[in-house]
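Inspection log for the structure reproduced underneath, given as structure tokens.
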Amino acid sequence: PKAPTPKAQWCDEEVKALVKFLYDHRAEVGNNSNFKSSTYHAAAEHIAPLLKDGPPKTSAAVKNKWTGYVSHITIFDLSSMRLGAHWDNERGANVHGKDSEQVFKDFTKDHLLMRQFKTSSWEFYPLVEQIIPNGA
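If you count the sequence shown from 1, position 78 lands on 1307 in the numbering used here, and the numbers rise without skipping.
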């Protein structure tokens, strides 16, 4: 049996540098919100000097991180539709009141990621939103 590959450990500096790098290369994103493998490879090389823990980031690890961020935007957009409120990067899902509390609770049963953004922002939302063509 093949030995398991160590999981990537991301420090704040790597994440910030990755998002900034992809933002700077946003013209290379495709309609499916993904980049070419050469862009992921270049991003991995760009953040390599920032490594603090775990194995060096591969293009696959970079792609996985980016795919997760695309999912964030998709969930934010979906939550806005379901909750009847616009995503606000200062107030998050902007959940206030008994009715919206229940709708949010029901929504987050299937979308656990959203719980942390009930009334708070996501640091990378402004950049990631600009990278994704026409929403996620």
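We put the CB at the ideal spot given by N, CA and C, even for glycine. Since we're looking at a predicted model, the values are computed, not measured.
Counting C-beta neighbours from all protein chains within 10 Å, is the total for residue i 16 or more, i.e. buried, or is it exposed?
i            : result
residue 1326 : exposed
residue 1297 : exposed
residue 1321 : buried
residue 1231 : exposed
residue 1323 : buried
residue 1267 : exposed
residue 1330 : exposed
residue 1294 : buried
residue 1262 : buried
residue 1243 : buried
List the residues that DSSP assigns as beta-bridge partners of residue i.
i            : result
residue 1317 : 1321
Please report whether the beta-carbon of residue i lies at a distance below 8 angstroms from any beta-carbon of chain C.
i            : result
residue 1303 : Here there is only one protein chain, and chain C is not present.
Contact check, residue i vs residue j under 8 angstroms by CB: the rounded distance?
i            : j            : result
residue 1283 : residue 1235 : 6 angstroms
message: At 4 residues or longer, what runs of the alpha helix (DSSP H) sit wholly inside the stretch 1324–1352?
response: 1327–1339
- prompt: How do the stretch 1348–1364 and the stretch 1238–1258 stand: do at least 3 beta-carbon pairs fall below 8 angstroms, yes or no?
  reply: A contact is defined here as three or more CB-CB pairs under 8 angstroms, and the stretch 1348–1364 meets this definition with respect to the stretch 1238–1258.
message: For the pair the stretch 1282–1291 and the stretch 1253–1273, tell me if three or more CB-CB distances fall below 8 angstroms.
response: The stretch 1282–1291 makes contact with the stretch 1253–1273, as at least three CB pairs between them are under 8 angstroms.
task: Scan the stretch 1237–1291 and note each continuous alpha helix (DSSP H) run of 4 residues or more that stays entirely inside, going in chain order.
output: List check, alpha helix (DSSP H) in window: 1241–1253, 1266–1276.
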